[in-house]
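This report concerns only the one structure given below.
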Amino acid sequence: SAGGLTMHDVSRTGRWLVAHDEFRREIAGMGPGASAERDLSWLDASGAPFLSRDGSMLLFDEESTAAGPHNGVCLRTTDGGPVVRLGEGYPLGFSPDGKWALAIAGPMSQLVIYPTGPGETRRLPRGDLETYRIYSGGWFPDGKSVLVCANEAGKASRCYAQDVSGGPPRPVTPETTTGCRVSPDGLQILYSKPGGTWFIQRPGGGTAQAVPGLTPDDQVIRWSADGRSVYVLDRDATLPFRFERLDLVSGRRDLIREVAPADRLGVMRCFVAALTDDTKSYAYGYIRLTSQLFVVEGAR
10 SAGGLTMHDV
20 SRTGRWLVAH
30 DEFRREIAGM
40 GPGASAERDL
50 SWLDASGAPF
60 LSRDGSMLLF
70 DEESTAAGPH
80 NGVCLRTTDG
90 GPVVRLGEGY
100 PLGFSPDGKW
110 ALAIAGPMSQ
120 LVIYPTGPGE
130 TRRLPRGDLE
140 TYRIYSGGWF
150 PDGKSVLVCA
160 NEAGKASRCY
170 AQDVSGGPPR
180 PVTPETTTGC
190 RVSPDGLQIL
200 YSKPGGTWFI
210 QRPGGGTAQA
220 VPGLTPDDQV
230 IRWSADGRSV
240 YVLDRDATLP
250 FRFERLDLVS
260 GRRDLIREVA
270 PADRLGVMRC
280 FVAALTDDTK
290 SYAYGYIRLT
300 SQLFVVEGAR
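Heads up: the sequence shown is residues 10 to 309, going by the numbering used here.
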């Protein structure tokens, strides 16, 4: 296999059976006031969508080499407006006022805050942290602190809080924890432990409460606005993809909506999704793999 071509067989007469594979990461979504989904991809490797609180802006990463030598943090409006590349890295979400975008750059070793409009990029001090984890973290609801998943040298990952005004990161969950999400009141953190078990506890300590119903296949999209539930996506599910609300006490699941791109050809799985408070605006990233089969005559 080379250059996207895979040789599957050779006949006795010298003919080759060859497949050309095309792998893409794409984003679909629906912004406020829209009546149908829109393709919100940029090039051929768009993913990791995050929405502003009102659903009007989309933050995502672009891994296509055509966008630059490094993975890019990109911004566009959900009505399909032009793309602005904010800088390199992997996004972690909008600030509550939508004026800033949290991202991991560097590679995976620097926390940065990009302005979505006028302003200067800020780099937060790493302290003793060695590597950050993508798709795990976000902003506290007051917009003054951020939550990230990272690890110190020789130690397992855990969740850290850090003031955007400066100061070192502070551990707020035990070691061997990932997938952190902060509650709407900023007083609880949801995280996962090895094996796919999920817990809630107050930042920095207190008794950890097990969450029933969440599985290792679930991607937690966000907390509900009332703090009683979380919205989840089964990353290994087949089409159509299901957004569900999971009650944090009972573990009960209720279907919010089913989504699928207009063109389902080659769509394999959904890996990251975003929802607004009212769940009316959403975006999701998915993988598409298509193949064309050829017979090559006279190859040597």
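From the three backbone atoms N, C-alpha and C, an ideal C-beta is built for every residue, glycine too.
Remember, it's a predicted structure, so these values are computed and weren't measured experimentally.
Between the alpha carbons of LEU138 and ARG85 lies a distance of about 31 Å. Around the CB of LEU101, 16 or more other CB atoms lie within 10 Å, so the residue is classed as buried.
The beta-bridge partner set that DSSP reports for MET16 consists of VAL27. LEU284 is bridged by DSSP to TYR291. Minimum Cα-Cα distance from THR288 among the listed residues VAL281, GLU253, ARG142 corresponds to GLU253.
Annotation: the continuous beta strand (DSSP E) that includes GLN171 extends over 167-172.
The beta carbon of ASP194 sits closer than 8 Å to those of PRO150, GLY236, all from its chain and outside the five residues before and after it, given in chain order. About 5 Å separates the beta carbon of ARG167 from that of THR186, a gap short enough to meet the 8 Å contact definition. Here ILE265 has TYR240, PHE252, GLU253, ARG254, THR288 as same chain residues with Cβ atoms under 7 Å from its own Cβ, once five neighbours each way along the sequence are excluded. Taking C-beta atoms under 8 Å as the contact rule, GLY56 and VAL281 qualify, at a distance of about 6 Å. THR74 sits in a helix when the DSSP states are folded into three classes. Ranked by Cα distance from GLY77, the first of GLU97, TYR141, ALA45, SER65 is GLU97.
Residue state for LEU49 is assigned as coil, using DSSP reduced to three classes. Shown here, GLN197 sits in coil according to DSSP, grouped into three states, outside any helix or strand. Closest in C-alpha terms to SER201, from the list LEU248, PHE103, GLN228, comes GLN228. The criterion of a C-beta distance shorter than 9 Å is not satisfied by TYR291 and GLU35. The Cβ-Cβ distance between LEU49 and GLY64 does not fall below 9 Å. For MET117, the three-state secondary structure derived from DSSP is coil. Around the CB of THR285, 16 or more other CB atoms lie within 10 Å, so the residue is classed as buried. Where PHE149 is concerned, there is no enclosing beta strand (DSSP E), because DSSP gives it neither an H nor an E. Going by C-alpha positions, PHE69 is about 24 Å away from PRO134. Judged by beta-carbon spacing, LEU95 lies beyond the 9 Å limit of SER73, meaning their Cβ atoms are not closer than that value.
For ILE198, the CB contacts under 8 Å within the same chain, skipping 5 residues up- and downstream, are LEU156, CYS168, VAL181, THR182, CYS189, ARG190, VAL191, SER192, ILE209, GLN210, ARG211, PRO212 in chain order.
Residues of the same chain with a CB within less than 7 Å of the CB of THR224, apart from the 5 flanking positions on each side, are GLY205 in chain order. In this structure, DSSP gives SER65 a state outside helix and strand, which the three-state scheme calls coil. For SER154, the enclosing beta strand (DSSP E) stretches over residues 154-161. Within the same chain, and ignoring the five residues on either side of GLU161 in sequence, the residues whose Cβ sits closer than 8 Å to its Cβ are ASP137, LEU138, GLU139.
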